[in-house]
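All remarks here apply to the structure that follows.
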Amino acid sequence: MIASDVRQGLRSGMLLAIVVVFLFLIGATTTIADIFANALKQDRGVSLQAVLGLLALWAGSQAAKVSLDEKRPSWPRTLLRAGVAGLSSGLVIGLTLLLTLRLHEQGINLRTYLYQLSPASLDLWSLGRSPIAAALFHVLLPLVGCLVGAVLARGFRDAPWRGPASRRMSAVREAITRPLANAARTRWGRILLYAALGTLLLLLPLRLNNYWNFTLGTVGIYVLMGLGLNVVVGLAGLLDLGYVVFFAVGSYTIGLLTAPTPHNLMWDFWIVLPIAVLLAAIIGVLLGVPVLRLRGDYLAIVTLGFGEIIRVLLKAEALASFSNGPRGIPSIAQPTLVGLPFGSDRDFMYMIILSVMLVIFLTNRLQNSRVGRAWIAIREDETVARAMGINTLTSKLLAFGIGAAFAGLGGVLFASRSQFTGPDDFNLMVSINVLAVVIVGGMGSIPGVIAGAFVLKGLPEVLRELDAYRILSFGALLVAMMVLRPEGLIPSTRRRLEMQEARAAESPPATPVAPVGRGGAA
-12 MIASDVRQGL RSGMLLAIVV VFLFLIGATT TIADIFANAL KQDRGVSLQA VLGLLALWAG
48 SQAAKVSLDE KRPSWPRTLL RAGVAGLSSG LVIGLTLLLT LRLHEQGINL RTYLYQLSPA
108 SLDLWSLGRS PIAAALFHVL LPLVGCLVGA VLARGFRDAP WRGPASRRMS AVREAITRPL
168 ANAARTRWGR ILLYAALGTL LLLLPLRLNN YWNFTLGTVG IYVLMGLGLN VVVGLAGLLD
228 LGYVVFFAVG SYTIGLLTAP TPHNLMWDFW IVLPIAVLLA AIIGVLLGVP VLRLRGDYLA
288 IVTLGFGEII RVLLKAEALA SFSNGPRGIP SIAQPTLVGL PFGSDRDFMY MIILSVMLVI
348 FLTNRLQNSR VGRAWIAIRE DETVARAMGI NTLTSKLLAF GIGAAFAGLG GVLFASRSQF
408 TGPDDFNLMV SINVLAVVIV GGMGSIPGVI AGAFVLKGLP EVLRELDAYR ILSFGALLVA
468 MMVLRPEGLI PSTRRRLEMQ EARAAESPPA TPVAPVGRGG AA
C-alpha cells in the first residue's frame, strides 16, 4: 500500500521536475514569468515563483488523483503521495539550480552550451541569495505547493456541496442547450440559427481593428487548409506531409496571372480565383497518382518529398524567368467590388468568413454522403473496403483533389491579402502546422479543426513573447494530446465512440459474483 503511494508520488514529482528543469535550461520559465509580470503588474521574481507554485499545485493534485478501480485513500496516504511528489521534485530542481549557480560563480560561460541560460535568468532564479539558500528555497516551494494542491484536490472531491452544485450546473446547461437542440431539429429553427450566426459573423469585422481582422483572417486561412487536410487525413486516412504544395499552387497562380512581374498578365482577381482553385485540384490529383499504392509512413515520406521539390523549384534561379525565383512575386492584385477596391483587412475578413462557410458546407455534405462513407471505409481498412466494392482509386484521387482545392483557395486569399508571395512562405512548417491543427482539434471533426486553428494560430498571436518556443510548444502540445486526449479537442462522434470502445476493451472485466443459495452455499 505504502509502496504504491510512493510510486505514484514519484511519478508526479519526476514529471514536475523534468518540466521545470527543461523549461529552466531553455529559458522558457523566464519568458513565462515576464508574461505574468506584465499581466499582473508584479515583480519578475514574484511572477516566476507564482508560475512554479501553480505547477506544484498541479503536480500535487495529480499525486492525489484516484483511479476508477481504486478505493479512496485516507488523508495520511494522500499527504504521503503529495509529500513524496514535492520532495522528489524539489530535490531535483534544487540540485540542478545549485550546480548551475556554482558553475556560474566559477566563471564558466554556460551560454556556450545552453544559449538561453543567461546571467539575468540565473539572477532571477537565485532571488538575490546565495546558491545554497536559493536551492533550499526551490526545494521547499514544490513541497509546499504539492501538499497544498493535494489538500485542495481532495477537499474539492469530498466537498458536500459538489453534488448539488454539479446538478445545478447540469440543469443550467440543459436549460440553455435544450432549446437550441430542439430548434436545430426543425427546418425553420435551423434557418433562424444560421441567420443569427451569419449576422454575428458579418458584424464581427466591423467591431474589430485592423490587427485583429488580420489575425483572425490568418486563423481563417488555416481553417480552410485544415478542412482540406481533414478530408485527406481525417476522413480518407492518407497521411500527407506535402500539403503545402497546393497552398503554393493557389498563391503562385494568383501571383503569376495578376501581378506585373514576371509576365505582366494583369488578369482580374475574380477571373483567376476559380482558375487557381481548379489548378490546385488538378495538381492534387496528379500528385496523388504516383502514391496510390503507398500507405502510412511511406505515403508521408513521399508527399514530404514532393513538398520539398516544389519549394526548391520555386527558389531555383533556372526558373526565375517563370516564377521570379527567390525574389518572389510582388504587387499581387487585390479584388475589387463593383469597381471599388476591396482589399483592406476588414474586406478580406469578409471573404475569408464566406470561404470558410462555403468549405464547411461542402465538407459536411461530403462527409455525410456515399463518398464520405467510402473515405471512412478506406481509412479503417483499405483491403476490406476494396473487397466491399469501393473503388479505392477514384476515392483517393477525389480526396486529394478536394483537399488540394481547399488549400488552393487559402493560398489565393493569403497571397492577395499580402500582395506578395515567395518560396519562403511554403516551407515544411506550414504542412506541419496544418497537420497539427487537424490532430489537436480532432481528426474528422469540422468544429475540431476550427478549435485547433484558434489554439495553434490564434493563441501565438496573443502570446507573441513565446514565439521563440513555437516548435517546442507544438511538440509538447502534440505529446500532451496523444497522452491525455488522443481523440482531439472536439472529436467527431464516430471518433469519440471508437475511443470509448477502445478504453472499455482495455479496462479489466468486472469479477463475476457467484449467486448465493438459501443455505449460504453457492
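Per the working numbering, the very first residue in the sequence shown carries number -12; after that it's consecutive.
Each residue gets a CB set at the ideal place from its N, CA and C atoms; glycine is no exception.
8 Å Cβ shell around residue i - same chain, five flanking residues per side excluded
i, result
"residue 287", "226, 227 and 228"
"residue 505", "Any reading at residue 505 must be qualified, since the residue scores a pLDDT of 49, below 50, and its modelled position is unreliable; no value is offered."
"residue 126", "74, 77, 78, 80 and 81"
"residue 347", "214 and 433"
"residue 383", "223, 225, 275, 279 and 365"
Short Cβ contact (8 Å threshold) for residue i with residue j
i, j, result
"residue 95", "residue 129", "no"
"residue 429", "residue 363", "no"
"residue 272", "residue 289", "no"
"residue 249", "residue 318", "no"
"residue 120", "residue 85", "no"
"residue 157", "residue 412", "no"
"residue 342", "residue 396", "yes"
"residue 13", "residue 103", "yes"
"residue 230", "residue 394", "yes"
"residue 118", "residue 98", "no"
"residue 427", "residue 468", "yes"
"residue 264", "residue 392", "yes"
"residue 372", "residue 381", "no"
"residue 67", "residue 115", "no"
For residue i, the nearest candidate out of the options (CA to CA)
i, options, result
"residue 281", "366, 249, 253 and 331", "366"
"residue 459", "3, 15 and 1", "15"
"residue 71", "27, 2, 105 and 108", "2"
"residue 402", "116, 321, 98 and 298", "321"
"residue 315", "169, 301 and 324", "301"
"residue 188", "40, 337 and 144", "337"
"residue 210", "398, 483 and -11", "398"
"residue 20", "10, 31 and 13", "31"
"residue 357", "376, 11 and 327", "376"
"residue 298", "352, 236 and 251", "236"
"residue 420", "306, 182, 465 and 379", "465"
"residue 41", "231, 131 and 172", "131"
"residue 418", "379, 461 and 60", "461"
"residue 354", "23, 339 and 390", "390"
"residue 124", "199, 39 and 164", "39"
"residue 410", "479, 313 and 368", "313"
"residue 113", "295, 190, 58 and 83", "83"
"residue 186", "162, 91, 422 and 340", "340"
"residue -9", "37, 11, 58 and 36", "58"
"residue 107", "176, 11 and 369", "11"
"residue 368", "261, 455 and 283", "283"
Contact set for residue i: own chain, Cβ-Cβ below 7 Å, skip 5 residues either direction
i, result
"residue 259", "240, 241, 244 and 245"
"residue 425", "213, 216, 217, 220, 221, 436 and 439"
"residue 135", "44 and 47"
"residue 311", "248 and 249"
"residue -6", "none"
"residue 414", "298"
"residue 444", "205, 206 and 209"
"residue 8", "79, 80 and 83"
"residue 359", "222 and 353"
Proximal residues to residue i (C-beta, below 6 Å), its chain only, five neighbours per side dropped
i, result
"residue 507", "Caution is warranted here: a pLDDT of 44 is assigned to residue 507, below 50, making its placement in the model unreliable, and the coordinate value is therefore given only provisionally. Excluding residues within five positions, none has a Cβ falling inside 6 Å."
"residue 335", "204 and 404"
"residue 201", "332"
"residue 329", "322 and 323"
"residue 34", "20, 23 and 24"
Nearest-angstrom beta carbon gap, residue j and residue i [assumed within contact, 8 Å]
i, j, result
"residue 197", "residue 332", "5 Å"
"residue 18", "residue 141", "At roughly 33 Å, the Cβ-Cβ gap does not stay under 8 Å, so residue 18 and residue 141 are not in contact."
"residue 50", "residue 105", "That belief does not hold up - the Cβ atoms of residue 50 and residue 105 are roughly 33 Å apart, past 8 Å."
"residue 268", "residue 386", "That belief does not hold up - the Cβ atoms of residue 268 and residue 386 are roughly 11 Å apart, past 8 Å."
"residue 69", "residue 137", "3 Å"
"residue 274", "residue 256", "That pair is no contact at about 26 Å."
"residue 170", "residue 179", "7 Å"
"residue 111", "residue 87", "No, residue 111 and residue 87 are not in contact; Cβ-Cβ is about 12 Å, not under 8 Å."
"residue 474", "residue 481", "Not really, about 10 Å apart at Cβ, beyond 8 Å."
"residue 63", "residue 53", "The Cβ separation is near 15 Å, so there is no contact."
**Message:** Just to confirm the assignment: which complete alpha helix (DSSP H) runs, minimum length 4, are found wholly within the region 201 to 283?
**Reply:** The region 201 to 283 contains these whole alpha helix (DSSP H) runs: 231 to 245 and 256 to 275.
**Prompt:** For the region 360 to 403, which segments carrying the alpha helix (DSSP H) assignment without a break, of at least 4 residues, lie completely within its bounds, in sequence order?
**Reply:** Whole alpha helix (DSSP H) segments, 4+ residues: 369 to 374.
**Request:** Mind listing, in chain order, the continuous alpha helix (DSSP H) runs of no fewer than 4 residues lying wholly within the region 23 to 84?
**Result:** The qualifying runs are 31 to 50.
**Message:** Quick check for students: name the residue ranges of the alpha helix (DSSP H) that lie wholly in the region 298 to 346, counting only runs of 4 or more.
**Reply:** Counting only runs of 4 or more, we get 307 to 310.
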